[in-house]
Amino acid sequence: MQLGEGGCRAGSAKITMEHDDTSKERLDSLARAKWAELGGSAEGLKPAERLRIPSQPMPSQPADVRCKNMSEVALGYTETMARLEAARCLQCPAQPCVSGCPVELPIRDFVKAIAQGDFGGAIGLIKEKSLLPSVCGRVCPQEVQCQSQCTVGKALKDVGKAVAIGRLERFVADLERSSGKVEVPAVAASTGKRVAIVGSGPASLTCASDVRRAGHDVTVFEAFHKFGGVMVYGIPEFRLPKAIVESEVDTLRRMGVKFRSNMLIGRSYTVHSLLETEGYSAVFLGTGAGLPHFMGIEGENLVGVFSANEYLTRASLMRAYERGRAATLIAEARRVAVLGGGNVAMDAARTALRLGAEEVYLVYRRTEAEMPARREEVEHAREEGVQFHLLRNAKRVLGNERGQVIGLECLKYELGEPDASGRRSPVPIQGSEYVLDVDAVIVAIGNGSNPLLQQTTPGLEFNKRGNIIADERGATSIPGVFAGGDIVLGAATVILAMGQGRRAAAAINEYLGNCEC
Amino acid sequence: MSAKEQVDYKILHHEALSENVFMLRVYAPEVCRFRRPGQFVLVSVDNDYGERIPLTIADADEKEGSITLIFQRVGLTTTLLSELAVGDSLASVLGPLGQPTKIEKLGKVVCVGGGIGVAPMRPIAKAFKEAGNEVICILGARNRDLIILEDKIRSFADQVIICTDDGSAGRKALVTEPLKELCEAEDKPNLVVAIGPTIMMKFCSEAVRPTGVPIIVSLNTIMVDGTGMCGGCRVNVGGQTKFVCVDGPEFDGLQVDWDGMMSRMKAYSGQERKMLENHQCNLEKAAAELEARK
Chain Z
194 MQLGEGGCRA GSAKITMEHD DTSKERLDSL ARAKWAELGG SAEGLKPAER
244 LRIPSQPMPS QPADVRCKNM SEVALGYTET MARLEAARCL QCPAQPCVSG
294 CPVELPIRDF VKAIAQGDFG GAIGLIKEKS LLPSVCGRVC PQEVQCQSQC
344 TVGKALKDVG KAVAIGRLER FVADLERSSG KVEVPAVAAS TGKRVAIVGS
394 GPASLTCASD VRRAGHDVTV FEAFHKFGGV MVYGIPEFRL PKAIVESEVD
444 TLRRMGVKFR SNMLIGRSYT VHSLLETEGY SAVFLGTGAG LPHFMGIEGE
494 NLVGVFSANE YLTRASLMRA YERGRAATLI AEARRVAVLG GGNVAMDAAR
544 TALRLGAEEV YLVYRRTEAE MPARREEVEH AREEGVQFHL LRNAKRVLGN
594 ERGQVIGLEC LKYELGEPDA SGRRSPVPIQ GSEYVLDVDA VIVAIGNGSN
644 PLLQQTTPGL EFNKRGNIIA DERGATSIPG VFAGGDIVLG AATVILAMGQ
694 GRRAAAAINE YLGNCEC
Chain S
56 MSAKEQVDYK ILHHEALSEN VFMLRVYAPE VCRFRRPGQF VLVSVDNDYG
106 ERIPLTIADA DEKEGSITLI FQRVGLTTTL LSELAVGDSL ASVLGPLGQP
156 TKIEKLGKVV CVGGGIGVAP MRPIAKAFKE AGNEVICILG ARNRDLIILE
206 DKIRSFADQV IICTDDGSAG RKALVTEPLK ELCEAEDKPN LVVAIGPTIM
256 MKFCSEAVRP TGVPIIVSLN TIMVDGTGMC GGCRVNVGGQ TKFVCVDGPE
306 FDGLQVDWDG MMSRMKAYSG QERKMLENHQ CNLEKAAAEL EARK
C-alpha cells in the first residue's frame, strides 16, 4: 500500500552497486546462469568449488520505493537461488551451525535437502524442531547464531558470506505456506488435563503447540484483540507480515488449541484462580517484557515523546499507517529522533520514515559495532535514509509553551579505556552538547517486565529486575506454574523465547504425567 | 469458560442520557464478574481499524452478565459508539483494568462527580457507604439537563449537593465551592474523591490542599493497550512517572502534574477533529444519497 509522500532520503545516501538492482528477476537470472554452469546440480562439488559459488543476496524492494510503503522489504529467494545458496554448504561433519541455534535445528540436513531440490523434506526436518520457521527465517539474528559458526563464512573471513541459513529457512517455510498444504502436527489422544497459556507471543505459541501435541487441552489467554504478541504489536509489517503470524496461529487452532482474546490474567482470572477454581492443572506464563523503559531525563513526558512500544503498537497492531481509515492516530512528525540501537529502534526509525518523516535520526550511545540490532536491519535502515548519530546520548527533551517537543539536546561520547570485560565503554565529553531539531522522540532503550503478575500472584518469585525466577526447564516457585520468554529472560529474541517455550512444554508434559491433577 | 475465542459483547440497552451523553449496557460476563469500584475497561468498535478507548465501569448486572458504560460523545470512537443500537456488538471489551479503589471505613467521605464523572464516582461512593462511611456527594454540571444519575446517588448518599454553572439546578456554583466549605468546616471529611474533567479535578485538589484533607482523583488519559505496555498514559505524580493504566487510575490529587497531563491529553486533538469531520461528512453524504434515491 502506498503511504503519503514522505521525505525518505534513500537514493541520496551512498548505496553500493550491489544494492542497485536487487529485483527478484535480475538476481534469479544470475542464479540460473550459475546453476546452469554447475550443470543443474550441486552433487559431487568439491569444497573449493562450493566456496566459489557466490553468496546469494536477498531480493528486496529498492530503498527509495520501500520507504514509502509498508510491504515487506525482503522478497525471498527463488527456487534456483535457494538451491544455489544451499549448494554453498560444505556439509561439515561437526555441524557447528547446529550448536549456534538456540533450538538446534538440523541445519546441515535441511540445507542439503534444499540443495537437492527436496523442499518438502527440508521443511519437514525444520518443523520437527521449530514451530515458526517463517517467522524465525525473517527475524532471527542469524549472524550471531547459526551463521556465526558457519565454516563457509569463516573460510571466506566474512560472516556476511556464511551460508544464508535464515533465508533458506524462510524459503521452504514460505513455499509450504503458499502451497496451502501446511501440515497440521499430530495430536495425541486426549488426556483430559487442561493447561492455561498466558500471552500469545513466540514462547507461548511454541509451548501451546508442544503441550497440545501431548494430548492436553490447551487455552491461550491474550490481553490484546489479536494473537501473536510482539510479532503483531511490535515487529512492523515491512519486516514480518501479519498474515504469516495469523497463519501460524491458524495451524494451532487446527490442532485444537483454544484461544481467548481480551483476557488480562491478573485482573480477571489470576494464576491461582486458574489452578484452583477454573480447572487448569498447569499454567505457562509467557507474558513478555512489556513495560517500556524511559531515560529518566528532563522533558520525557512532553507531547511527542513516545515509547517505541506505543509508536509501533499504534502503527502495527492498530494500523495507524492507514491514515484516514484507522481510528488510531499517530504523530505526524516531520523530524524524529529515535533513541537506542536495537531491532526495536530500527523498526521505529524505519516506521517513522514510512509515515512521512523528513529526517529520522538514530541516537545511540555506543558505536555501530555494539548495536544489538540484526545487521540486515541496520543496513536497511541506513539505505532508507535513517541518519546515525553514534556515540551520542540524549540529555534532555526541549519543549514549547504548549508542552510539545521542539528539540532534543544530545551529548557526545567517546570510547574510554577498556573496562574489566575488555570492552571500551563510552564516556561523555563535557561541554559537547548540541541540539537536534526534532518534533518527536521515540524511546527504544528496552523493556522491563510488567508488574501485574507480581502484584497479583502471591508466592511467585521474581528477581530484582522483575523477571520471573524459573529453572532451566521453566519451573517457577509455584508447583504447576511454568514461565518462559522475555518475562524470564528480560528482553531477548523470538528464537530464544521459542526455545524456552519448548523446554517448558516438555516440563509441563512431564509434570502432568506424574501429578495427580 | 465458554469455548469461543471472544465473547460477543452485545449491546443490551442503549440510552441517551442527554444530547451528548450515552449509556450502554454491554454483555461482558467476565468483566462483570471481576470488576471492582474504580476500575475501567478498554473498548473498541472494530478489531481491524478501531481505536481502543478507556471507559470507566459505571455499574454491572450480575444476573445479566453485563456492565454499564456511560460516555460523552466527543471523538470518533465515542461517536461511533453512540450510533450503535441494541443487538449490535462491540468488537472488544478488555477489563477490568487498573487498581480498584481502596475502600475502607474512614468516617466521612466526600465524593465529587463532574459531568459524566458522576458515572464512575457512583460505585466508589456506594462502596464507601456500604463500608460504613458517611457519604456526601457533590454533583456538578453545566446545566440541569447534564446532571446524570441523581436518583441513583440519592438512593444511598447521606447528602447530595447539586451545582450547575447556570443555576438551573441546585446551587449556581462550581463544585469547588461546597467542597471547600465542607473541608474547611470543623467536622471536616476524612477523604475526598473527585472524578470529572481534568480541570475540575485540578481545582478540587487545589481547593482541599490548604485544608489538609486527602484527595483521590481518577485520571482518564490517552491509552493504547491499557496493560502497562505502551506508556502513552503516563503522568508525573509526585515527581515520578506513573502509568495510569497499571499504577492508577487513582492517584493523590495533590501530587499530580495537572498541566503536564492536560497537554498530553491534547496530543491528538487536531487529527481527531479531522477524523470526526470526515466521519460526519461521510454520514451526510450517505444521508444525501439515501434522500436522492427516494
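Residue numbers (this note's numbering), protein chains in the order written: chain Z, 194 to 710; chain S, 56 to 349.
Beta carbons are placed, not taken as given, at the ideal position from N, Cα and C, and that holds for glycine.
If you're wondering where the values come from, they're calculated on a predicted model, not measured in any experiment.
Own chain, CB closer than 7 Å to S:Cys-288, minus 5 neighbours either side, in chain order: As a position in the second sequence, residue 288 of chain S is number 233, starting the count at 1. Excluding sequence neighbours, S:Cys-288 sits near Thr-276, Ile-277, Met-278, Phe-298, Val-299 and Cys-300.
Run of the alpha helix (DSSP H) containing Z:Gly-346, from where it starts to where it stops: Stepping through the first sequence from its first residue, residue 346 of chain Z is reached at position 153. For Z:Gly-346, the uninterrupted alpha helix (DSSP H) segment begins and ends at 344 to 348.
Cutoff 6 Å; reference Z:Phe-557; Cβ partners in own chain excluding five residues on either side: Taking the first residue of the first sequence as position 1, residue 557 of chain Z is located at position 364. The amino acid occupying residue 557 of chain Z in the given sequence is Tyr; Phe does not appear at that position. Within the same chain, Z:Tyr-557 has close Cβ partners Gly-534 and Leu-583.
Straight-line Cα distance separating S:Lys-321 from S:Arg-88: Locating residue 88 of chain S in the second sequence gives position 33, where the first residue counts as 1. Locating residue 321 of chain S in the second sequence gives position 266, where the first residue counts as 1. Going from the Cα of S:Arg-88 to the Cα of S:Lys-321 covers about 34 Å.
7 Å Cβ cutoff, Z:Asn-494 in contact with chain S: As a working note, residue 494 of chain Z is residue 301 in the first sequence. Cβ-Cβ to chain S under 7 Å: yes for Z:Asn-494.
Contacts that Z:Pro-485 makes with chain S (C-beta to C-beta distance below 8 Å): For the purposes of this step, residue 485 of chain Z is taken as residue 292 along the first sequence, with counting starting at 1. Within 8 Å Cβ-Cβ: Met-284, Cys-285 and Gly-286.
3 or more residues per run - each beta strand (DSSP E) lying fully within the segment 535 to 600 of chain Z: Residue ranges of uninterrupted beta strand (DSSP E) with 3 or more members, entirely inside the segment 535 to 600 of chain Z and ordered along the chain, are 552 to 557, 580 to 583 and 585 to 592.
Where the alpha helix (DSSP H) containing Z:Asn-455 begins and where it ends: By one-based count along the first sequence, residue 455 of chain Z stands at place 262. For Z:Asn-455, there is no enclosing alpha helix (DSSP H), as DSSP marks it with neither H nor E.
CB contact below 7 Å: S:Ala-322 versus chain Z: Mapped onto the second sequence, residue 322 of chain S falls at position 267. With 7 Å as the cut-off, S:Ala-322 counts as an interface residue toward chain Z.
Enclosing beta strand (DSSP E) for S:Ile-179 [first to last residue]: On the second sequence, residue 179 of chain S is found 124 positions in, with the first residue counted as 1. Membership of S:Ile-179 in any beta strand (DSSP E) is not indicated; the residue belongs instead to the alpha helix (DSSP H) covering 173 to 185.
Beta-bridge pairing of S:Gly-169 - partner residues as DSSP gives them: Here residue 169 of chain S refers to the residue found at position 114 when the second sequence is read from its first residue. S:Gly-169 pairs with S:Gly-195.
Within 7 Å, strictly: CB atoms of Z:Ala-697 and Z:Phe-675: Numbered from its first residue, the first sequence carries residue 697 of chain Z at position 504. Numbered from its first residue, the first sequence carries residue 675 of chain Z at position 482. A contact, by the Cβ cut-off of 7 Å.
Test: Z:Phe-303 CB closer than 7 Å to a CB of chain S: Within the first sequence, numbered from 1, the residue matching residue 303 of chain Z stands at position 110. Judged by the 7 Å Cβ criterion, Z:Phe-303 is not in contact with chain S.
Where Z:Ala-416 falls: helix, strand or coil (DSSP): Within the first sequence, the letter at position 223 stands for residue 416 of chain Z. Looking at Z:Ala-416 - three-state DSSP - the assignment turns out to be coil, as it is neither helix nor strand.
Beta carbon proximity, S:Tyr-104 to chain Z, threshold 7 Å: Here the question's residue 104 of chain S lines up with position 49 in the second sequence. Yes, because at least one Cβ of chain Z sits closer than 7 Å to the Cβ of S:Tyr-104.
Residues near Z:Ala-684 by beta carbon distance below 7 Å, same chain, minus five either side: Counting from one through the first sequence, the residue named residue 684 of chain Z turns up at place 491. Closer than 7 Å at the Cβ level, and outside the excluded window around Z:Ala-684, lie Ala-482, Gly-639 and Asn-640.
beta-carbon S:Val-148 near the ligand FMN non-hydrogen atom, thresh 6 Å: The ligand content of the structure shown is nil, which means the ligand FMN is not present either.
Own chain residues within Cβ distance below 8 Å of Z:Arg-460, not counting five before or after: Translated into the one-based positions of the first sequence, residue 460 of chain Z becomes position 267. Counting only Cβ-Cβ distances below 8 Å, and skipping sequence neighbours, we find Leu-645 and Thr-649.
Integer-rounded CB distance, given that Z:Leu-298 should sit under 8 Å from Z:Ile-316: On the first sequence, residue 316 of chain Z is found 123 positions in, with the first residue counted as 1. On the first sequence, residue 298 of chain Z is found 105 positions in, with the first residue counted as 1. With 8 Å as the limit, Z:Ile-316 and Z:Leu-298 do not qualify as a contact, their Cβ atoms being about 11 Å apart.
Within-7 Å CB hit, S:Ser-318 to chain Z: The sequence position of residue 318 of chain S within the second sequence is 263, counting from 1. So yes, S:Ser-318 belongs to the interface.
Reduced DSSP secondary structure (H/G/I, E/B, other) of Z:Ile-701: Here the question's residue 701 of chain Z lines up with position 508 in the first sequence. Note: Z:Ile-701 maps to helix in three-state DSSP.
Option in Z:Met-448, Z:Thr-412, Z:Ile-523 and Z:Arg-568 with minimal Cα separation from Z:Glu-376: Position 183 of the first sequence holds residue 376 of chain Z. Selected option, being the one with the closest Cα: Z:Met-448.
Cβ of S:Asn-188 within 7 Å of any chain Z Cβ: Here the question's residue 188 of chain S lines up with position 133 in the second sequence. No, S:Asn-188 does not count as interfacial toward chain Z.
Residue range of the alpha helix (DSSP H) that includes Z:Pro-395: Residue numbering aside, residue 395 of chain Z sits at position 202 when the first sequence is read from its first letter. Where Z:Pro-395 is concerned, the enclosing alpha helix (DSSP H) stretches over 395 to 406.
Given Z:Glu-278 as reference, the closest of Z:Val-266, Z:Gly-310 and Z:Arg-259 once Cα atoms are compared: To locate residue 278 of chain Z, count along the first sequence from 1; it is residue 85. If we check each option's Cα against that of Z:Glu-278, Z:Gly-310 comes out closest.
Between the CA atoms of S:Lys-257 and S:Ala-196 - distance to the nearest angstrom: For the purposes of this step, residue 196 of chain S is taken as the residue at position 141 of the second sequence. For the purposes of this step, residue 257 of chain S is taken as the residue at position 202 of the second sequence. So the alpha carbons of these two residues sit roughly 16 Å apart.
Z:Ile-635 and Z:Ala-541 closer than 7 Å at C-beta: As a working note, residue 635 of chain Z is residue 442 in the first sequence. As a working note, residue 541 of chain Z is residue 348 in the first sequence. Yes; because the gap between Cβ atoms is below 7 Å, this pair is in contact.
Partner residues on chain S for Z:Ser-500, Cβ-Cβ distance less than 9 Å: Here the question's residue 500 of chain Z lines up with position 307 in the first sequence. Within 9 Å Cβ-Cβ: Met-284, Cys-285, Gly-286, Gly-287 and Arg-289.
Within 7 Å, strictly: CB atoms of Z:Gly-245 and Z:Leu-283: Taking the first residue of the first sequence as position 1, residue 245 of chain Z is located at position 52. Taking the first residue of the first sequence as position 1, residue 283 of chain Z is located at position 90. According to the sequence shown, residue 245 of chain Z is Arg rather than Gly. Not closer than 7 Å, so no.
Reduced DSSP secondary structure (H/G/I, E/B, other) of Z:Cys-603: Counting from 1 along the first sequence, the entry for residue 603 of chain Z is found at position 410. The answer is strand: DSSP assigns Z:Cys-603 an E or B state.
Validate contact between the segment 77 to 91 of chain S and the segment 124 to 142 of chain S using beta carbons, cut 8 Å, 3 pairs: Contact between the segment 77 to 91 of chain S and the segment 124 to 142 of chain S is established, with three or more Cβ pairs separated by less than 8 Å.
Min CB distance Z:Gln-195 to chain S below 7 Å: Start at 1 with the first residue of the first sequence, and residue 195 of chain Z comes out as number 2. At Z:Gln-195 the pLDDT is 48, less than 50, meaning the model places this residue with poor confidence; the figure from the coordinates comes in the next sentence. For Z:Gln-195, the answer is no, since every Cβ of chain S falls outside 7 Å of its Cβ.
Minimum length 3: unbroken beta strand (DSSP E) runs contained in the segment 485 to 534 of chain Z: Those beta strand (DSSP E) runs which fall completely within the segment 485 to 534 of chain Z and span 3+ residues are 498 to 500 and 528 to 532.
Residue span of the alpha helix (DSSP H) that contains Z:Val-328, given as start and end: Along the first sequence, one-based indexing puts residue 328 of chain Z at 135. Unbroken alpha helix (DSSP H) run through Z:Val-328: 326 to 332.
The segment 329 to 342 of chain S: positions lying closer than 8 Å to chain Z by Cβ: The segment 329 to 342 of chain S vs chain Z, Cβ under 8 Å: Met-330 and Asn-333.
Chain-order list of residues whose beta-carbon lies under 7 Å from that of Z:Met-251 (same chain, five-residue window excluded): Within the first sequence, numbered from 1, the residue matching residue 251 of chain Z stands at position 58. Excluding residues within five positions, the ones whose Cβ falls inside 7 Å are Ala-267 and Arg-360.
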